[in-house]
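J.: Numbering (the numbering used here), first residue to last: 47 to 474. Idealized CB from N, CA, C, for every residue including glycine. These numbers come from a predicted model, not from an experiment.
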Ligand code: AMP
Ligand code: GLY
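(1) Is residue 261 near residue 291, with beta carbons less than 9 Å apart?
(2) Near the ligand GLY, which residues have their beta-carbon closer than 5 Å to a heavy atom?
(3) Would you give the residue range spanned by the beta strand (DSSP E) that residue 481 belongs to?
(4) Cα-Cα, which of 114, 61, 383 and 105 is closest to residue 94?
(5) Quick check: the region 111-119 against the region 440-456, are there 3 or more CB pairs under 8 Å?
(6) By Cβ distance below 8 Å, which residues in the same chain neighbour residue 47 in space, the five residues on each side in sequence not counted?
(7) Which residues in the same chain have their Cβ closer than 6 Å to the Cβ of residue 83, if we skip the five residues on either side of it in sequence?
(8) Are there any heavy atoms of the ligand AMP lying less than 8 Å away from the beta-carbon of residue 24, as far as the coordinates show?
(9) Opposite residue 282 in the DSSP bridges: which residues?
(10) Contact check, residue 255 vs residue 331 under 8 Å by CB: the rounded distance?
(11) Would you say residue 317 and residue 214 are within 9 Å of each other, going by their C-beta atoms?
(12) Are at least three pairs of beta-carbons, each pair with one atom in the region 184-196 and one in the region 208-222, less than 8 Å apart?
(13) Does the distance between the C-beta of residue 265 and the nearest non-hydrogen atom of the ligand AMP fall short of 8 Å?
(14) Starting from residue 450, trace the alpha helix (DSSP H) in both directions and tell me its first and last residue.
(15) Is it the case that the CB of residue 55 approaches a heavy atom of the ligand AMP more closely than 8 Å?
(16) Can we count residue 193 as close to the ligand AMP, meaning its CB is less than 8 Å from some heavy atom?
(17) Return helix, strand or coil for residue 420, following the three-state DSSP convention.
Below, the structure is given as structure tokens:
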């Protein structure tokens with residue numbers, strides 16, 4: 047039975063966050079016929095073109111709730127994981143304001159790696175062999191039984207920095223000691239999975255699952271997947287490794303059992319679910335979950351989404367996903383992250399960026415801002431990952447050529463990017 051949705055038109059939306067992911071979401075939401083007013087807290091200089099900025103940080107939960115009440119916000123979209131894990135959804139809903147989840151209880155899928163691994167065991171979800179430890183000796187013995195390389199993880203949110211893939215016994219033992227004693231946390235020891243990594247995204251309303259699309263990120267800082275791990279240096283969608291068969295197995299063996307388990311545990315999962323997968327011989331295994339869109343994966347998904355994003359997110363909150371069908375462009379989207387020189391280590395801040403307007407004129411290109419501010423009429427870089435130069439093309443080759451054509455027009459001597467985004471897809 048179809049319920050009539052509660053929403054009409056002329057909705058007032060609040061988006062929370064300030065990165066390239068949020069710029070892409072704001073861009074799509076501002077184009078929705080349902081959205082009359084869009085605020086973004088705190089946003090950035092690029093987001094200011096499509097939303098009204100509100101000077102409240104994503105973790106100022108009280109102020110966000112007060113703002114949403116005072117401004118009669120109809121719907122809140124929360125971009126990053128930290129406010130979700132901190133319970134912003136729960137706070138908003140308790141105040142009578144609808145929002146895209148998950149709840150804090152649902153966000154445990156990102157907040158606790160140990161919880162997810164135990165859920166995989168309970169539901170027979172394919173993932174790396176593992177065990178949880180709070181004692182270094184026992185951790186070392188189990189790790190030794192898995193051979194090398196072996197994976198050592200701190201539990202809890204670590205923005206991708208809590209994972210060490212140890213190639214030697216010394217590195218392994220050092221990681222175990224430092225994670226246990228410095229962070230004082232529980233750790234996980236995992237089997238090292240070989241294969242090709244990809245991200246797959248769905249919406250879940252607590253019961254139904256609506257597949258979105260897949261993407262591949264580039265986590266290392268430098269060409270050839272070298273250098274330190276970052277938040278992501280570029281992405282493209284679709285990911286050729288995610289064939290229809292692999293997507294089908296991902297949904298049946300990994301995502302649906304997870305959504306069922308969360309409902310059975312009385313903590314239904316509502317919101318975006320991002321599965322980090324390792325695929326070998328067509329068989330996907332779960333590496334980890336995130337409770338939000340990926341950044342920069344969101345940027346390429348949004349470029350390919352032809353349906354109304356606002357309607358999809360409202361239907362998720364309204365438990366109406368079984369009535370929804372999304373349309374996607376079969377073109378390829380690719381995004382190149384431009385970062386401040388030095389990122390992900392110590393980087394220069396406050397350098398000027400010029401000539402973005404010319405770059406944005408390249409056919410098929412959208413430039414999403416990740417960390418920018420206007421100061422005295424100049425556009426300044428204010429963070430590590432600064433711009434996401436994103437393009438749509440008939441093929442990955444065309445999307446890549448367009449993105450780099452735009453990158454080359456941008457005058458930012460203090461920035462850098464990887465020149466090989468999309469290499470896996472191009473190699474095929
Ligand atoms: P995570 O924070 O769990 O996403 O881990 C960060 C990155 O480490 C992942 O994106 C993978 O590239 C890698 N990784 C994590 N766990 C494993 C594993 N069990 N086997 C191989 N690579 C892994
Ligand atoms: N791009 C990786 C992430 O959003 O976690």
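T.: Let's see:
(1) With a cutoff of 9 Å on beta-carbon distance, residue 261 and residue 291 are scored as not near each other.
(2) Here the list is 263, 278, 340 and 341.
(3) Limits of the chain in this structure are 47 at one end and 474 at the other, which puts residue 481 out of reach.
(4) Looking at the Cα atoms, 61 is the closest of the given residues.
(5) No contact exists between the region 111-119 and the region 440-456.
(6) Because residue 47 carries a pLDDT of 48, less than 50, the predicted location of this residue cannot be relied on, and no value is offered for it.
(7) Excluding residues up to 5 positions away in sequence, 58 lie with their Cβ nearer than 6 Å to the Cβ of residue 83 in the same chain.
(8) As shown, the chain starts at 47 and ends at 474. That puts residue 24 outside it, with no answer to give.
(9) DSSP links residue 282 through a beta bridge to 262 and 380.
(10) With 8 Å as the limit, residue 255 and residue 331 do not qualify as a contact, their Cβ atoms being about 19 Å apart.
(11) No. Outside cutoff.
(12) Because the criterion of three Cβ pairs below 8 Å is met, the region 184-196 and the region 208-222 touch.
(13) The answer is yes for residue 265.
(14) Per DSSP, residue 450 belongs to the alpha helix (DSSP H) from 442-455.
(15) Result no, Cβ not under 8 Å from the ligand AMP.
(16) Checking the Cβ of residue 193 against the ligand AMP gives no.
(17) Looking at residue 420 - three-state DSSP - the assignment turns out to be strand.
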